[in-house]
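One structure is given here, and the rest of the page talks about it.
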Amino acid sequence: DVYTHGHHASVVSQHAGRTAQNSAAFLLPRLRDGLTVLDVGCGPGTISVGLAQSVGPRGKLVAVDAAEAAVSLAKEAARKSAVGNMEVRVASAYDLPYGDDTFDVAFAHQTLQHLSDPVEALRELKRVVKTPGGIVAARDADYASMLSHPVIPGIERWRDVYRQVARANQAEPDAGRHLVAWARQAGWSVEDIEFTTSVKLYSGTVDEGERARWGGDWSRRSLESDFGSQAVEYNIATADEMNAISRAWLEFKDNPESLFYYVNGEVILQN
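The sequence shown finishes on residue 292 if you use our numbering, and the numbering steps up by one all the way, no holes.
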């Protein structure tokens, strides 16, 4: 699989702002001391640290990612936070190095959207989670729902370009809306699926620093990350268009009244 975002510093900067509280709030009430949790596609590990803290010293958090670069960052996050119950390793979501019925909980945050076969990945998560009683949880964005205000044409174009690049990489940028169907295909019945949504908002009324960083990071990502280079390489956008998109994100960043939001789909799947 091709990871559309890549691991440019501007990507890592955004992802490092994710925590268990702001990215796994729908899962946290299910966690308790002593549980074993698998975090698949852990990225820089900032969510993983919070999950590890949520299961206490008698519990265990195993964080895996297919990318060595991400695993290195997650190991550093574990070291800095001084959690003693977090293990990090390289592993593929399609071929997890664990036996059946190993974990109480498996979690995938913004991971399935990047996979060419998310259903197969869900089957693998289902396998390593205990039956009965274990749960698989996933949260993914829906890029088609993303909007900014005031409307900036360059950001409208960004959304279209990103979705085309992701699909050229055999991924599904609107994954949030597909989670229930994917879960059904992976073997869960409707009665065992709990689906919710949440909105991510970037606004000066919530956190001006975060809003401005979102614009600044995407300005850089549009030119310097794998997404930016793939857009041109795949003939989805020209270099001039990507420069215009980058400038549009700076326009967003520089307007304190601008806001951006999108919908995430969330599932809790009961084994």
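Quick reminder that beta carbons are idealized off the backbone N, C-alpha and C, glycines included. In this text the structure is predicted, and so the values were computed from the model without any measurement.
Among residues of its own chain, excluding the 5 on either side of residue i, which ones have a beta-carbon nearer than 6 Å to its beta-carbon?
i: A127; result: L59, L146, V150 and V157
i: V182; result: A252, I257 and A258
i: G230; result: none
i: R18; result: Here the chain covers residues 22 to 292 and nothing more, so residue 18 does not appear.
i: Q35; result: D238
i: A129; result: V61, G62 and A159
Locate the alpha helix (DSSP H) running through residue i, then write down its first and last residues.
i: V140; result: P139 to V149
i: A99; result: E89 to S102
i: L200; result: L200 to A207
i: A252; result: D247 to E254
Along the chain, where does the beta strand (DSSP E) containing residue i start, and where does it finish?
i: N276; result: Here N276 belongs to no beta strand (DSSP E), and DSSP marks it neither H nor E.
i: S224; result: I214 to S224
i: F128; result: V126 to H130
i: V83; result: K81 to D86
With a CB to CB cut of under 7 Å and the five nearest residues on each side skipped, what residues in its chain are close to residue i?
i: K221; result: Y282, Y283 and N285
i: T152; result: D122 and N292
Helix, strand or coil for residue i, going by three-state DSSP, please let me know.
i: M107; result: strand
i: V76; result: coil
i: V284; result: strand
i: L290; result: strand
i: R180; result: helix
i: F47; result: coil
i: V172; result: coil
i: H26; result: coil
i: A158; result: strand
i: L59; result: strand
i: S166; result: helix
i: S210; result: coil
i: D121; result: coil
i: D195; result: coil
i: D238; result: helix
i: D54; result: coil
Let me make sure I understand the geometry here. Which of the options has the alpha-carbon closest to that of residue i?
i: D13; options: D275, V83, R198 and S169; result: In this structure the chain extends from 22 to 292, so residue 13 is not present and cannot be described.
i: S219; options: H26, V23, A46 and A90; result: A46
i: G175; options: V85, D261, G62 and S44; result: D261
i: T132; options: A159, L117, A269 and P50; result: A159
i: T67; options: L271, R242 and V83; result: V83
i: V61; options: K274, A114, V140 and A204; result: A114
i: V227; options: A73, P277, L52 and L49; result: P277
i: D22; options: A165, E141, A265 and W203; result: E141
i: A204; options: N106, I289 and R110; result: I289
i: A202; options: P139, R79, A269 and V70; result: P139
i: A90; options: A112, L49 and G120; result: A112
i: S137; options: G55, A196 and A99; result: A196
i: D9; options: V104, P194, R241 and S69; result: Residue 9 is absent from the model: the chain starts at 22 and stops at 292.
i: V85; options: V70, V76 and S75; result: V70
i: P171; options: E215, A269, D54 and A87; result: A269
i: G55; options: L168, N106, V76 and A103; result: V76
i: G225; options: R188, R241, D213 and D275; result: D275
i: A103; options: Q74, G120, R234 and P118; result: Q74
i: S267; options: R188, I173 and W209; result: I173
i: L377; options: G249, E254, E287 and W235; result: The structure shown has nothing for residue 377, since the chain only spans 22 to 292.
i: S279; options: R232, R242, Y255 and R241; result: R232
i: G105; options: A87, L117 and K81; result: K81
i: D116; options: A87, S250, N43 and Q42; result: A87
Excluding sequence positions up to five away, which residues of its chain have a Cβ less than 8 Å from the Cβ of residue i?
i: F124; result: T57, V58, L59, V83, V149, V150, K151 and G155
I want to see whether chain C comes within less than 8 Å of residue i, judged by CB atoms only; does it?
i: S69; result: Reference to chain C is not applicable here, since this structure consists of a single protein chain.
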